[in-house]
Ligand code: ADP
Ligand code: MN
Ligand code: MN
Ligand code: MN
Ligand code: MN
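Numbering (full-length UniProt numbering), first residue to last: 1 to 357.
Structure representation (structure tokens):
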């Protein structure tokens, strides 16, 4: 791509123009390639509940979600958030995709996930996801890496401080604030082991809101990065060789696990997880086999394992949880490119049972 130059000073004049009583609603959905799409419409009034937001549609043949001869896909709003880019009463709207016959679109994994979360809502399941990602420049080089070469080996970069140890802190800080503005429960950030790789955490979020909030946080990251001409990659092994991959560690607890005596329920959950390893791995992200090698703080994809404070296991019980005897556990297998509804859905199904179970 050629360099496209924006003029922020001129743009600011237009963005400052009043918009009357109208509200802009940016509808966001997950497409057929596990990427996000969005389009915007004008509303006459600010909605007070999601039910007031109109259903809409788009051309699914352009997003790999539908064939050309029957291309209309419906987008049904399920949550909305303050828009940190347009400010004011403007909103971003998370939407689910439905086919023209009313069935959920093949890539709408929120539909089944929501049924599972609803069926088990008394258990108060919480999730916290650690989203790792890698920043690339517009020419597809890892951001700030020497052209045609490599930076010094891993070591100084994790939670790094100072020039040469971290890159793109501007993007990270801007994204953090954008998430807070939108009401996303972002719980922290840190620089990762590979240079130009970072992590943000979202949670704890109850049930279906985990997938919703992670999806919006990813959207905000892509949008913030646009302003810096930076590309965000969620690939689980963006660079082959002795460089860490990128995951989405998924932390989990139910009400029973969070109170004294909870370790019994954590152990029961781990026992159930051990019996469905391959079913879980099947929905834990594409190309995750490149990441789950048994090296670089991962467990091999071939076998299930669990341990206290062990970052080479599939499941880790944090040291503090083991000491207290209650709390939560961490599933370290999910890749950075997961669909969070598939992961939180199968987690609820395995540890709490199927929808009609
Ligand atoms: P790590 O030590 O693995 O790097 P992080 O601090 O990056 O852990 O992330 C921990 C995540 O666990 C956060 O998203 C946090 O919100 C989440 N979390 C904390 N307590 C719970 C809990 N009881 N149930 C589920 N998730 C939790
Ligand atoms: Mn058109
Ligand atoms: Mn972490
Ligand atoms: Mn990490
Ligand atoms: Mn972790």
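Every residue, glycine too, gets a C-beta built ideally from N, C-alpha and C.
Candidates the options, of which the one nearest residue i by Cα
i, options, result
"residue 42", "91, 79, 82, 74", "91"
"residue 132", "335, 352, 350", "335"
"residue 99", "110, 80, 71", "71"
"residue 225", "62, 176, 342", "176"
"residue 260", "229, 234, 324", "324"
"residue 106", "125, 29, 145, 152", "29"
"residue 352", "118, 215, 185", "118"
"residue 326", "289, 288, 268", "268"
"residue 266", "96, 316, 299", "316"
"residue 288", "50, 240, 77", "240"
"residue 166", "140, 135, 148", "135"
"residue 339", "354, 214, 297", "214"
"residue 275", "75, 298, 62, 305", "305"
"residue 24", "40, 61, 60", "40"
"residue 74", "14, 58, 314, 67", "58"
"residue 4", "253, 297, 139", "139"
"residue 88", "16, 311, 37", "16"
"residue 125", "258, 311, 332, 277", "258"
"residue 161", "205, 198, 293", "198"
Span of the beta strand (DSSP E) around residue i
i, result
"residue 159", "Note, residue 159: premise wrong, no beta strand (DSSP E); not H, not E."
"residue 133", "126–136"
"residue 252", "248–253"
"residue 139", "Element bounds for residue 139: n/a, residue is neither H nor E."
"residue 27", "23–30"
"residue 81", "72–82"
"residue 95", "91–98"
"residue 59", "56–59"
"residue 331", "329–331"
"residue 239", "Per DSSP, residue 239 belongs to no beta strand (DSSP E) and is neither H nor E."
"residue 39", "36–43"
"residue 233", "231–233"
Test item: CB-CB of residue i and residue j under 8 angstroms
i, j, result
"residue 130", "residue 249", "yes"
"residue 128", "residue 201", "yes"
"residue 173", "residue 83", "no"
"residue 157", "residue 191", "yes"
"residue 55", "residue 31", "no"
"residue 238", "residue 247", "no"
"residue 330", "residue 244", "no"
"residue 203", "residue 194", "no"
"residue 168", "residue 196", "yes"
"residue 255", "residue 123", "yes"
"residue 337", "residue 34", "yes"
"residue 228", "residue 171", "yes"
"residue 85", "residue 47", "no"
"residue 217", "residue 184", "yes"
"residue 230", "residue 356", "no"
"residue 365", "residue 222", "Absent from the structure is residue 365, since the part of the chain shown begins at 1 and ends at 357."
"residue 285", "residue 116", "no"
"residue 96", "residue 113", "no"
"residue 110", "residue 341", "yes"
"residue 299", "residue 313", "yes"
Burial state of residue i, where buried means 16 or more other Cβ atoms lie within 10 Å
i, result
"residue 291", "buried"
"residue 150", "exposed"
"residue 301", "buried"
"residue 69", "exposed"
"residue 359", "The question about residue 359 has no answer, for the chain in this structure spans 1 to 357."
"residue 45", "exposed"
"residue 319", "exposed"
"residue 212", "buried"
"residue 179", "buried"
"residue 6", "exposed"
"residue 328", "buried"
"residue 220", "buried"
"residue 53", "buried"
"residue 309", "exposed"
"residue 94", "buried"
Terminal residues of the alpha helix (DSSP H) in which residue i lies
i, result
"residue 343", "340–352"
"residue 11", "8–15"
"residue 168", "Counting along the chain, residue 168 falls outside any alpha helix (DSSP H), and DSSP gives it neither H nor E."
"residue 319", "319–324"
"residue 115", "110–119"
Beta carbon proximity, residue i to chain D, threshold 8 angstroms
i, result
"residue 199", "In the structure shown, chain D cannot be found, because there is only a single protein chain."
Checklist entry - Quick one: complete alpha helix (DSSP H) runs, 4+ long, within the stretch 273–317? => result 277–282
Next on the checklist: Going residue by residue through the stretch 174–219, where are the continuous beta strand (DSSP E) segments of at least 3 residues, counting only ones entirely within it?
Outcome noted: 186–191, 197–206
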